[in-house]
Amino acid sequence: MAVIDLTTPYSLKNATLSIEADEYTAAISQVQFTPSTSTATWRGIGGNVVKDQSKAEWSCTLAFAQDLAPTGLLRYLLDHDGEKKEVVFTPVAAGPTVTATLVMSPGDIGGTAGADLATSSVSLAVDGRPSFADPTP
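This is the structure in structure tokens:
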């Protein structure tokens with residue numbers, strides 16, 4: 412059995428996120444692709460059990476500061492509700508990219524009174540699944 416060393420751990424300190432041709436990195440505090448599967452179990456009267464699992468369906472959570480500018484992500488998501496857009500997430504500068512087609516959906520507008528920035532988060536459906544691309548050396 413091969414021992415696989417941990418060679419490229421990362422944290423989201425210099426990540427980027429683009430939707431189509433526009434980069435929204437400055438507004439984003441979270442990008443998280445999450446798979447979801449369901450398991451089916453069938454039990455026969457003789458005690459036999461058959462299990463199967465569906466292929467993963469994906470979603471992408473984006474958390475962001477609400478920006479009221481016409482070009483901000485808050486308005487972009489509202490203006491493009493239901494549309495499919497290509498998203499490119501780069502977790503580490505000069506590292507691999509994660510590309511996916513997301514179905515746009517609007518986020519919350521407004522929030523609680525106080526000095527904190529108004530924030531929002533959305534869970535966007537992924538059409539298909541995300542894919543990695545390594546940088547060209």
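Using this note's numbering, read the sequence shown as starting at 412 and increasing by one per residue.
All C-beta atoms, glycine included, are put in the ideal place defined by N, C-alpha and C.
- Taken through DSSP and simplified to helix, strand or coil, Thr472 comes out as strand.
- Between Arg486 and Leu423, the alpha-carbon positions lie close to 25 Å from each other.
- Beta-bridge analysis with DSSP links Thr427 to Thr501.
- The alpha helix (DSSP H) runs lying completely inside the stretch 478-536 and spanning 4 residues or more are 484-490, given in chain order.
- Within the same chain, Cβ atoms closer than 6 Å to the Cβ of Ile439 are found at Leu428, Phe475, the five residues on either side in sequence being excluded.
- Ala437 carries a helical assignment under DSSP once its states are collapsed to helix, strand and coil.
- Rounded to whole angstroms, the Cβ separation of Thr448 and Ala467 is 5 Å, and the two are in contact under 8 Å.
- Sequence-distant Cβ neighbours of Gly522 in its own chain, meaning closer than 6 Å and more than five residues away, are Ala529.
- Ala467 carries a coil assignment under DSSP once its states are collapsed to helix, strand and coil.
- Annotation: Leu473 to Thr510 spans about 14 Å, alpha carbon to alpha carbon.
- Per the coordinates, the alpha-carbon of Tyr435 lies some 10 Å from the alpha-carbon of Thr482.
- Going by DSSP, Thr452 is part of the beta strand (DSSP E) stretching over 450-454.
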